[in-house]
Amino acid sequence: MKKTNLIAVLALYAAPAFLHAQTTGYSDVVGYAKESLPAGQHFFSPSFLKAPVYTGTATLTGNSVSGLSLSGNLGQTTFSDRPNFPTHYLEITSGTYAGTYYDISSNTSSGVTLASTPQTSGAVTVVIRPHVTLGDVIKADSGIGEYSDSIAVYDKTGGFAAYYFAGGVVTADDFATEMSHVPVPPGNGVGINCGANLNITTVGTVRNKDLKVPVYPGAVNVVGAFNPSSARCHCLFRWCKCYR
């Protein structure tokens, strides 16, 4: 199968901005796509989202969000021996700033604290979802070469971190510290350098609304459209199977 994912790779040297990615579809449609990467260097962006853990109204006050009903830990991972990353993010779904999203740094049963402050305040509708992670994207059955093929995750400063696959999991460059929990933020992607054909299966919810993806000056910004409909898809009721 040939992979033709729609990816824009941007190296921007101007003021920070947002890209608007829009797709058309039906709410609550789920599916999966099988994508093939030939040997070489590629940019890859997941096409689907994870199911929400909260959908409803909330009140924004600075970087605090109240009026929620939550359970479990939605903040950062808590490893003592490796870098920690956010596990969930909150997206605003109403008003002028609909489509903007913010990592969650901590939570209680009734509210969350965001890692950055939204540009709006007051009553809004929101959705909270778990992040897609490297462990969701790169699995043993993908055919990735252990100890050789690399995965690059770019940051907003212009740098990147390289990860590998060893012992059946995504690891740091020591081939020992598991880093499967590294997030791939919505609308973003990673660089993959593979020595042989790679087959990636992505599963989840199809997005059908605008998404505002931040892009940063002087950095490599890998931005992908949530557009499984650009593939060859077979849909039955609310389930779609897509090939690229």
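489 is the number of the first residue of the sequence shown in the working numbering; add one for each residue after it.
Note that the Cβ used here is the ideal one computed from N, Cα and C, for glycine as well.
Quiz item: Can you list, in chain order, the residues of its chain whose CB lies under 7 angstroms from that of residue 551, leaving out five sequence neighbours each side?
Solution: Residue mapping note: residue 551 aligns to position 63 of the sequence shown, counting from 1. 601, 602, 604, 605, listed in sequence order.
Quiz item: Do you know how far the Cα of residue 664 is from the Cα of residue 712?
Solution: By one-based count along the sequence shown, residue 712 stands at place 224. By one-based count along the sequence shown, residue 664 stands at place 176. As the crow flies, the alpha-carbon of residue 712 is around 30 angstroms from that of residue 664.
Exercise. Indicate whether residue 621 and residue 669 have their beta-carbon atoms separated by less than 7 angstroms.
Key: Taking the sequence shown and counting its residues from 1, one reaches residue 621 at position 133. Taking the sequence shown and counting its residues from 1, one reaches residue 669 at position 181. For the 7 angstroms CB-CB criterion, residue 621 and residue 669 form a contact.
Quiz prompt | Straight-line Cα distance separating residue 656 from residue 572 | solution = Position 84 of the sequence shown, counted from the start, is the residue given in the question as residue 572. Position 168 of the sequence shown, counted from the start, is the residue given in the question as residue 656. Near 20 angstroms, if we compare the C-alpha coordinates of residue 656 and residue 572.
Quiz item: Hey, how far is the Cα of residue 687 from the Cα of residue 681?
Solution: Reading the sequence shown from its first residue, position 199 is the one you call residue 687. Reading the sequence shown from its first residue, position 193 is the one you call residue 681. About 13 angstroms.
Self-check item: For residue 524, three-class secondary structure by DSSP
Solution: By 1-based counting over the sequence shown, the position of residue 524 is 36. Judged by DSSP in its simplified three-state form, residue 524 adopts strand.
Quiz item: Whose C-alpha, out of 614, 641, 522, is nearest the C-alpha of residue 697?
Solution: Start at 1 with the first residue of the sequence shown, and residue 697 comes out as number 209. Nearest in C-alpha terms to residue 697, of all of 614, 641, 522, is 614.
Quiz item: Is the beta carbon of residue 534 sitting closer than 7 angstroms to the one on residue 690?
Solution: Taking the sequence shown and counting its residues from 1, the one referred to as residue 534 is at position 46. Taking the sequence shown and counting its residues from 1, the one referred to as residue 690 is at position 202. Contact annotation: residue 534 and residue 690 have beta-carbon atoms nearer than 7 angstroms.
Self-check item: First and last residue of the uninterrupted beta strand (DSSP E) at residue 591
Solution: Against the sequence shown, residue 591 aligns to sequence position 103. Where residue 591 is concerned, the enclosing beta strand (DSSP E) starts and stops at 589-595.
Quiz prompt | Bridge partners - residue 680, DSSP secondary structure assignment | solution = Here residue 680 corresponds to residue number 192 of the sequence shown, with the count starting at 1. DSSP lists 530, 639 as partners of residue 680.
Self-check item: Pick from 625, 616, 700, 526 that is closest to residue 584, judged by C-alpha positions
Solution: One-based indexing of the sequence shown puts residue 584 at position 96. Just measuring C-alpha positions, the residue of 625, 616, 700, 526 sitting nearest residue 584 is 700.
Self-check item: beta strand (DSSP E) runs wholly inside the region 558-635, at least 3 long, in chain order
Solution: You should have 576-580, 589-595, 599-602, 610-618.
Quiz item: For residue 590, which residues of its own chain have a beta-carbon under 7 angstroms away from its beta-carbon, when the five flanking residues on both sides are left out?
Solution: Residue numbering aside, residue 590 sits at position 102 when the sequence shown is read from its first letter. For residue 590, where only same-chain residues beyond five positions count, the Cβ hits under 7 angstroms are 577, 578, 602, 603, 604, 606.
Self-check item: For residue 535, the residue or residues it bridges with in DSSP
Solution: Indexing the sequence shown from 1 puts residue 535 at position 47. Looking at the DSSP assignment, residue 535 forms no beta bridge with any residue, so it has no partner.
Self-check item: residue 667 to residue 634 span [Cα, whole Å]
Solution: On the sequence shown, position 179 is the one that residue 667 refers to. On the sequence shown, position 146 is the one that residue 634 refers to. Cα to Cα, residue 667 sits roughly 14 angstroms from residue 634.
Quiz item: Which residues mark the beginning and the end of the beta strand (DSSP E) in which residue 660 is found?
Solution: In the sequence shown, residue 660 corresponds to position 172, counting from 1. For residue 660, no beta strand (DSSP E) encloses it, and the DSSP letter there is neither H nor E.
Quiz prompt | Distance CB(residue 649)-CB(residue 641) smaller than 7 angstroms | solution = Translated into the one-based positions of the sequence shown, residue 649 becomes position 161. Translated into the one-based positions of the sequence shown, residue 641 becomes position 153. A contact, by the Cβ cut-off of 7 angstroms.
Self-check item: Assigned secondary structure, residue 713 (DSSP; H/G/I helix, E/B strand, else coil)
Solution: Translated into the one-based positions of the sequence shown, residue 713 becomes position 225. In the structure shown, the three-state DSSP call for residue 713 is coil.
Quiz prompt | residue 671 to residue 647 span [Cα, whole Å] | solution = Within the sequence shown, the letter at position 183 stands for residue 671. Within the sequence shown, the letter at position 159 stands for residue 647. If you take the alpha carbons of residue 671 and residue 647, they lie about 16 angstroms apart.
Quiz item: Is the distance from the Cβ of residue 593 to the Cβ of residue 563 below 7 angstroms?
Solution: Locating residue 593 in the sequence shown gives position 105, where the first residue counts as 1. Locating residue 563 in the sequence shown gives position 75, where the first residue counts as 1. Yes, Cβ-Cβ distance for residue 593 and residue 563 is below 7 angstroms.
Quiz prompt | residue 598 vs residue 556 beta-carbon contact at 7 angstroms | solution = As a first step, residue 598 is located in the sequence shown; it is residue number 110 there, counting from the start. As a first step, residue 556 is located in the sequence shown; it is residue number 68 there, counting from the start. Yes, they are a contact pair.
Quiz item: Would DSSP call residue 685 helix, strand or coil?
Solution: Walking along the sequence shown from the start, residue 685 turns up at place 197. Three-state DSSP puts residue 685 in coil, outside helix and strand.
Practice problem: Look at the Cβ atom of residue 707, then the Cβ atom of residue 644, and state whether they are nearer than 7 angstroms. | Solution: Mapped onto the sequence shown, residue 707 falls at position 219. Mapped onto the sequence shown, residue 644 falls at position 156. In this structure, residue 644 lies closer than 7 angstroms to residue 707 by Cβ.
Self-check item: Opposing strand residues paired with residue 541 [DSSP bridges]
Solution: As a position in the sequence shown, residue 541 is number 53, starting the count at 1. In the DSSP assignment, residue 541 forms no beta bridge with any residue.
Quiz prompt | Cα-Cα separation, residue 616 to residue 705 | solution = Within the sequence shown, the letter at position 128 stands for residue 616. Within the sequence shown, the letter at position 217 stands for residue 705. One C-alpha to the other measures close to 28 angstroms.
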